[in-house]
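Asks: First residue of the sequence shown: 307, per my numbering; consecutive thereafter.
All residues carry an ideal CB built from backbone N, CA and C; glycine is no exception.
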Amino acid sequence: MFRTTARRRALVLALAVLGTTSLAACTAGPGRDGHRPGASAAPADPAARPDLRRFYGQKLAWRPCGDVQCAELTVPRDYSRPGDGKTFVLPVAKAATATAGKRVGSLVLNPGGPGEPGAKLVEDGVADEIGKGVRERFDVVSFDPRGVGGSRPALTCLTEDRTEVADEAPLYPRTDAERAEALAGARAQAAACRKASGPLLAHVGTDDAARDMDVLRAALGERRLTYVGWSYGTSLGTSYAEQFPRRVRAMVLDGAVDPSLDWRQRVLGQSTGFRDAVEEYAESCADTVGEGCPGGTPEEIRTLIDRLLERTRREPLPVDGSEDGLDAAGLVSALSLSMYTPEAQWEGLSEALRAADDGDGTKLAALAAGEDESPDTDTDTDSGADSDSDSDSEETAEAAGDVPEDNSEAALIAINCLDVPHPRDAQAYWDALAPADQAAGVYGTSGVTSELVCKDWPAGTQRPHRVAAAGVPPVLVVGTSGDPATPYDEAVSLARQFPGGMLLSFEAPGHTGYGRDACVDEKVEAYLVSLTKVRPGTTCTP
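1. Considering only residues of the same chain and omitting the five flanking positions on each side of leucine 492, which have a CB-CB separation below 6 angstroms?
2. Can you list, in chain order, the residues of its chain whose CB lies under 6 angstroms from that of leucine 655, leaving out five sequence neighbours each side?
3. DSSP state of serine 590, grouped into three classes?
4. Rounded to whole angstroms, what's the CA-CA distance from serine 541 to alanine 734? Just pull it up for me.
5. Per DSSP, what are the beta-bridge partners of glutamine 375 in this structure?
6. Roughly how many angstroms separate the alpha carbons of leucine 718 and proline 551, rounded to a whole number?
7. Output the boundary residues of the alpha helix (DSSP H) element that contains phenylalanine 361.
8. Quick one: grab the DSSP three-state call for alanine 776.
9. Taking 8 angstroms as the CB-CB cut-off, is glutamate 597 touching chain D?
10. What span of residues does the beta strand (DSSP E) with arginine 613 cover, start to end?
11. Express the C-alpha separation of threonine 405 and aspartate 568 in angstroms, rounding to a whole number.
12. Measuring CA to CA, which of Val638, Val558 and Trp536 is closest to alanine 583?
13. Taking just the CA atoms, how far does alanine 774 sit from glutamate 586?
14. Where does arginine 458 sit, in a helix, a strand or coil, going by DSSP?
15. My understanding is that alanine 661 touches threonine 668, with C-beta atoms under 8 angstroms, so please give their C-beta distance in whole angstroms.
16. Given that a residue counts as buried once 16 or more other Cβ atoms are within 10 Å of its Cβ, and exposed if not, what is proline 356?
17. Mapping DSSP to helix, strand and coil, what is proline 741?
18. May I have the straight-line CA-CA distance separating tyrosine 538 from proline 417, to the nearest angstrom?
19. Does arginine 517 pass the burial test, meaning 16 or more other C-beta atoms within 10 Å, or should it be called exposed?
20. Look at leucine 810 and threonine 844 and say whether their C-beta atoms are less than 8 angstroms apart.
21. Taking all protein chains shown into account, do 16 or more other C-beta atoms lie within 10 angstroms of the C-beta of threonine 818, making it buried, or fewer, making it exposed?
Okay, structure coming up:
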């Protein structure tokens, strides 16, 4: 489970900021014909463009950072104006293979989010958890996407008093007053992000991040890309495959996002996934946790959760060291977060639910806030070759003091809102509430209201679309049957949209499969190393 920590942190942020939706954002958009706008006009070899040549021609200056090597990659802020002097400088980390004689190339990873820094994933030892066959043949590489983590500049939504604008919308705003409150909170949050990071917001979308990944491919000296992306990382991989189909050697997309879904379809699918996962917890707790379950039967566990929801709606539960306590939104966040890796999390959730039933919300609040995770995203950011950060050093310097050490929340909002078209009319969100409530209860309604922050966001050009990646080699999509965050149906759909796409099914609860199951690992790694195809209907069971 080498990528669980990063993705669990991403889910905490997704729940805290955007409810149970948009963990993995929709990717680049289509025109009216269902294809990506401008895709046919993309040059076959961007490195041949004179105005991009200096970016594609840069060499990474590797330096030791702990047990791995680190460098920096410079990319244009705006690919339509790469010569304007404005750039992002992105941290990159590499765990080099120890068996150079067997080396195939570089394996680039993205841990998801959006908003998760990849460089720290490598620095924290992800390569040690990858199968021997892959490690012998690949350098393991990851990077912080533009605006994320140690990127310079980086996104923030901090206000002048250095506090994030909190969204305190009720789980289901029914009255005019509750809806006005929800709208006001969302508008304040969007305004704070615009004020703190306005110049960056139009330039942090997934399409641009995928273009950065092609610059990274060239800087690594690779003719074609070998890639694994989890959750949101599947959106990044899909966008890359659409823009650079003949640059792909092998691509694994685990926990798939279907780019053909609109915002409302995504909310309903994901929130239903979380509701079903919590139901599975009630049904299967005894098998996984044993006597530690907070109830002797599934019905007792359901009754306990319902009782806590009603209790926290009336009044927050006390939390040690907090004046606010744990409200119903926090309870929903804690429940949803704990559905990621049941084998690792259900025991802790069970303890927290028992404590909450006794009147103490401290353990549930910790789950909701992700306090068991290290939020450190610090990287060594000495300037590397070709760094143009001085070109707008005044802007960067002014913003640097306001960027928190972990800026995942701001990145999550900014990337999701730019990637996924959202209605400008509030009535569209209110119209979605009743169907969401019917489909997924509090998980659905909180998902809808969490999307309100995108209502007043700068508009992107993306639209829901089916994959257009003619010429791409067979892509491997991994789908977990009980995945709450990226529902299995989306993996089935995405695999069908890729020409020659392959689906590997993992029959289990929890989010994603690679790194959680030996059978999945074997199939994925045989594909990465030898391009071994996965036969239709292949399924792994724990």
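Replies: Looking at the coordinates:
1. Sequence inspection shows alanine at residue 492; the leucine mentioned does not correspond to that position. For alanine 492, where only same-chain residues beyond five positions count, the Cβ hits under 6 angstroms are Leu758 and Val759.
2. Ser644
3. helix
4. 25 angstroms
5. Pro370 and Lys400
6. 27 angstroms
7. 359-362
8. coil
9. The structure shown contains no chain D; it holds only a single protein chain.
10. Looking at the DSSP string, arginine 613 is not in any beta strand (DSSP E); the run it does join, the alpha helix (DSSP H), is 604-620.
11. 45 angstroms
12. Val638
13. 36 angstroms
14. strand
15. 7 angstroms
16. exposed
17. helix
18. 8 angstroms
19. buried
20. yes
21. buried
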